[in-house]
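Numbers in my numbering are just positions in the sequence shown, counted from 1, shifted up by 1.
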Amino acid sequence: MVRGIEKFKEYFQEYANQYVLIGGTACDISFSQHSGDFRATRDLDVVLIVEALTPAFGERFWQFIHDGGYQNRAKSSGQPQFYRFDKPSETEFPSMIELFARTDFLLEGAAEITPLHIDDNVYSLSAILLNEAYYQALLSGREIIDGLSILKPSWIIPFKAKAWLDLSQRAASGMHVDSRDLKKHRNDIIRLVAEFVLERCELPDEVKTDMEKFVGSMGVTDAELKNLRIRGVKAEEIRQLLVDTYL
């Protein structure tokens, strides 16, 4: 389980309609419900549901940051808003929190926040969240597990597929991309497909088109599945499960 997730739940259980956990944390929570283990992840990726946000949530969030004693507090410029908080002095709090908001989200104590240069992964996710089709997919794919609002495994996959496509395109155009990020998104998708019974997802047209591109270019092999310690499923079955779920 991700460090600090219980403390996060303690603070935000009554605000579950105002945020959704995505990425590795959401995967880890889903895997824990199936008595499985996901790859190690130390950060909480939190997307705010702007239509539901209340001033009380903002106050509670800043109280959480204050109580955790987060030493580094940074914010990117532009849209969507992206905040990063890390190095808490209290060990029961998450090691890092990355917060995304599609529109202006003002935090108390903004004077204590420093400018932040975002990396490729954050840049990609920020662009995805600004896309209305993907934001609607995010809203469609939420569920509450043990008091935490997360993105369901079936709906995490299209976001990771889009991130993989975007990073692949950037790499192909000659821009620097960390190959570990590409590998991470693709391997996460393979593990999710292999481990979960995925629900059929009716995707917005744009998201469905991106999934078609991903399925056509991911090129998974049986040897890769073996390296990932995935047994009982073949590479072609992974591809067919993606087709059956999304296309």
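Think of the CB as a built atom: it goes at the ideal place given N, C-alpha and C, for glycine as much as any other residue.
Asked: Neighbourhood of TYR20 by C-beta distance below 8 Å, restricted to the same chain and skipping five residues each side; Found: PHE13, VAL47, VAL48, LEU49, ILE50, PHE58 and SER150
Asked: Stretch pair the stretch 172-192 + the stretch 140-156: three plus CB contacts closer than 8 Å; Found: no
Asked: Where GLN82 sits in the DSSP three-state scheme; Found: strand
Asked: Inter-stretch contact (C-beta, 8 Å, three-pair minimum) for the stretch 57-73 and the stretch 183-202; Found: no
Asked: Three-way DSSP call (helix, strand, coil) for GLU99 in this model; Found: strand
Asked: Backbone CA spacing between GLU200 and ARG143 [nearest angstrom]; Found: 13 Å
Asked: Segments assigned alpha helix (DSSP H), at least 4 residues, entirely inside the stretch 121-183; Found: 121-131, 133-141 and 154-173
Asked: For ASP87: DSSP bridge partner residues; Found: ASN73 and MET97
Asked: Counterpart residues of PRO116 in DSSP-defined beta bridges; Found: LYS76
Asked: Cβ neighbours of ILE114 in the same chain (closer than 8 Å, five flanking residues each side left out); Found: ARG74, ALA75, LYS76, TYR84 and LEU108
Asked: Selected residue, minimal CA-CA separation from ARG103, among ALA53, PHE65, PHE94 and PRO116; Found: ALA53
Asked: Segment limits, alpha helix (DSSP H) that includes TYR247; Found: 236-247
Asked: Cβ shell of LYS214 (< 7 Å), same chain only, five flanking positions each side left out; Found: LEU166
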